[in-house]
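Below is one structure; the comments refer to it alone.
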Amino acid sequence: MEDLANSMDFCSINNHHRTIIHIDIDCFYAQVEMIKNPALRDCPLGVQQKNIIVTSNYIAREFGIQKCMLVTEGLQLCPQLVLVKGEDLQDYRQMSSKITTLLQSYSPLVEKLGLDENFIDVTNLVSERIEDLKGVNGFVYGEASEKCECGCKSRLTIGSHIASEMRREINSVLGITCCAGIAHNKLLAKLVCGVHKPNQQTTIFPCSSSELLLSLTSVREIPGIGLRTNEILQSLQISNVLDLRNCNLTSLQKVLGYDIAVRVKKLSYGIDDSPVKQSGKPQSIGLEDGFKKICLESEVKEKFSTLLYRLLKLLGEDGRVPGSIRVTVRKYDNARKYSHRESRQCNVAASVFINKTCDSLKESLSPKSNEKLMGIIMNLFHKIVNISKPFHLTLLGLAFTKFQERKTGKSSIASFLTNDISVQSVLNLRNIADKCERMEVASTSCSPSGSIERSGSESEPEPSPKKTRKFLYFPRCKKRPSEEGDESSPNKKLLEVDSSESLMLQDLSEPESSIENKLEESEMEEDPIISTSKEKQNTDFFECPHRVDKEVFKALPPELKNELLEAWEVEKTKMLSKIPNGAKSKQKSITEYFITK
DNA sequence: CAGGGGGACT
DNA sequence: AGTCCCC
């Protein structure tokens, strides 16, 4: 009865304002292969990478063929199994991007998860359509009776129609079948997506979220709890979702750390506030090749040369120019330690990639550029592997990162900097605490100047802490020692010029007093642990991991509520200790500061 | 020869 | 740079 009361509470509150669709392509690689060769449709089909069957069509599944099964095992189960090589992801990538593009026409908020899954936040589209609605399309998980007054049932119902349209369009335009899950958050959308397979869709209303979570046989099935976290939980005798709910947060925190402990605890109740993030272009493009044994430098060169050739082609299709290259190596480890990799990276001048004769990267680079890159690659390789001694490698990888847009103008590095700084007023407490430490150091050598202006660009993406850090340090380095003797690139020069024009110094080298200004800017009106649903998602000044919607928080089981509050008190104290004394003395506690404000 | 990617956090 | 997560 207690549980029922809780789920009633979940239904009666006014917080399920989002509508999220999760789209999962049925046996993706196998479908692509069957499109390429329709004759395969009637056979049991497996897609093979090296010695592994990574996926199979539904005919093969009837024989018991499963994901990540060894080829030998698969052939034992099903001798007539047809195997197709799938190491080259080109065709899968292409189809994947067509699907994502199609989905983007429904909402710009599309987040890719691997090549075959997408989250779409259709909240806005739903509110446009809220006028005309009919019954639910597809299955409903749990009871469909209407208990919630907030309108989530109508919204999710509309969501189910949108999902149905998406699937129909994906099928008619691309010839691909898929499943969809419709829910008010990503966790539930993804979990419920797999309930009816293949080529079907399932909607879940908030009052059934508990039931869905408790239906899982292991916490490992919760997205976000991976191999490692699962092992740690096992050591606490936690294997199912109920175990996780019943384990007190303090014990969890000891083994997982505060952030993860709170996150998994919330997940066990079906709570997931994470936003659907627009995926955009990848931040890195890489290739790997695994093999039994390589122990000669000449073989290494050969492999890298092939990888580089293929990688440059991908790079050309992407159209951007990378700023950095990374080499990855896996050394043979007779202990069965799981694939331990080592990598080294260094910056590379953009000029290497720009051909004077042809603007397109699709054309291969000049032999000279190619040589240069191979030189850099082998140099990095030698940092990982001492070739004067015998070595045994089982994998080589190559990746380009740190992309910049090629065009100037809006995406030029200068305007990028401006934007970056303009959003720095939106920070979470960790960042501030973090930053304070560094500012104490920085302020000794930089002259003080005015405080930051809050620009109107509220909708700009929040800079990552890493980025903040990088730019914080940058103005103080006249010239960064370049790893491979790459001539300092034009962009670096640009950075130096800009920084000397005090654009950055203004913000980044303020005297200590400005820390207080930043704290004051936040103007928290309530307990930071709770937010109102009206509040914008991206302006989390106070990104405390268990900060939940006020109404959700009220409805939580009392034990969970208390645990969250207690754990937060402890964490807060830790964070406070990071703030320099000058700022700290002005306030008795962080919470008090924010609440009394 | 347990694949081949990619992203976030530390 | 490494570890963890996801597919």
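Okay, so the first sequence: first residue is 1 according to UniProt numbering, each after it adds one.
Just so you know, even glycine gets a beta-carbon here, dropped at the ideal spot from N, CA and C.
On a predicted model such as this, the values are computed, not experimentally measured, just so you know.
Around the CB of H161, 16 or more other CB atoms lie within 10 Å, so the residue is classed as buried. Ranked by how close their Cα comes to the Cα of S298, the residues K277, Q48, E569 and H382 have H382 in first place.
According to the DSSP assignment, E62 belongs to the alpha helix (DSSP H) that extends over Y58 to E62.
In the DSSP assignment, Y309 falls within the alpha helix (DSSP H) that extends over E297 to D318. Under a 10 Å Cβ-count criterion, K186 is classified as buried, with 16 or more other Cβ atoms of the shown protein chains found around its own Cβ.
Its chain contains no residue whose beta carbon lies nearer than 6 Å to that of S127 once the 5 sequence neighbours on both sides are disregarded. The C-alpha of H17 lies about 10 Å from the C-alpha of N124.
In this structure, the alpha-carbon of S218 lies about 37 Å from that of K293.
Pairing L40 with V84 gives a Cβ-Cβ distance under 9 Å.
For a cut-off of 8 Å, the C-beta gap from V54 to G86 is around 6 Å, short enough to register as a contact.
With a cutoff of 9 Å on beta-carbon distance, L188 and I20 are scored as near each other.
For the options L287, L395, L564 and N118, the alpha carbon positioned closest to that of C247 is the one of L564. Annotated three-state conformation of C148 is coil, per DSSP. Under the three-state reduction of DSSP, R18 is assigned to coil, being neither helix nor strand. Cβ contact annotation for A30 (same chain, cutoff 7 Å, sequence separation greater than five): L45, V47, T55, S56 and N57, in chain order. A residue is called buried once 16 or more other Cβ atoms fall within 10 Å of its Cβ, and Y309, having fewer, is exposed.
DSSP places Q80 in the coil class of the three-state scheme, outside both helix and strand. Taken through DSSP and simplified to helix, strand or coil, G397 comes out as strand.
Closest option to K313, judged by alpha-carbon separation, among G286, T328 and F291: G286.
T202 has F139 and G181 as its beta-bridge partners, per DSSP. Beta-bridge partners of D121 (DSSP): I20.
If you compare the alpha carbons of Q104, V570, G226 and G270 with that of S209, the shortest gap goes to G270. Collapsing the DSSP output to three states places N347 in a strand. Assignment of beta-bridge partners to Q49 by DSSP yields I52. Shown here for S164: same chain residues with a beta carbon closer than 6 Å to its own, the five before and five after excluded, namely N137 in chain order. I170 is not a Cβ neighbour of A183, given a cutoff of 9 Å.
Going by C-alpha positions, H392 is about 43 Å away from C193. The beta-bridge partner set that DSSP reports for D289 consists of L396.
Within its own chain, the residues whose Cβ lies closer than 6 Å to the Cβ of Y258, once the five positions on either side in sequence are excluded, are E571, listed in chain order.
In the three-state reduction of the DSSP assignment, I271 falls in the coil class. Here E111 is bridged, per DSSP, to F119. In this structure, the straight-line span from the alpha carbon of V329 to that of P322 is close to 20 Å. Residue range S324 to K331 is occupied by the beta strand (DSSP E) that includes K331, with no alpha helix (DSSP H) assigned at that position. C-alpha of C148 to C-alpha of E131: approximately 18 Å in a straight line.
Under the DSSP assignment, H196 falls outside any alpha helix (DSSP H); it carries neither an H nor an E label. Nearest Cα to L213 within the set K190, K197 and P198: K190.
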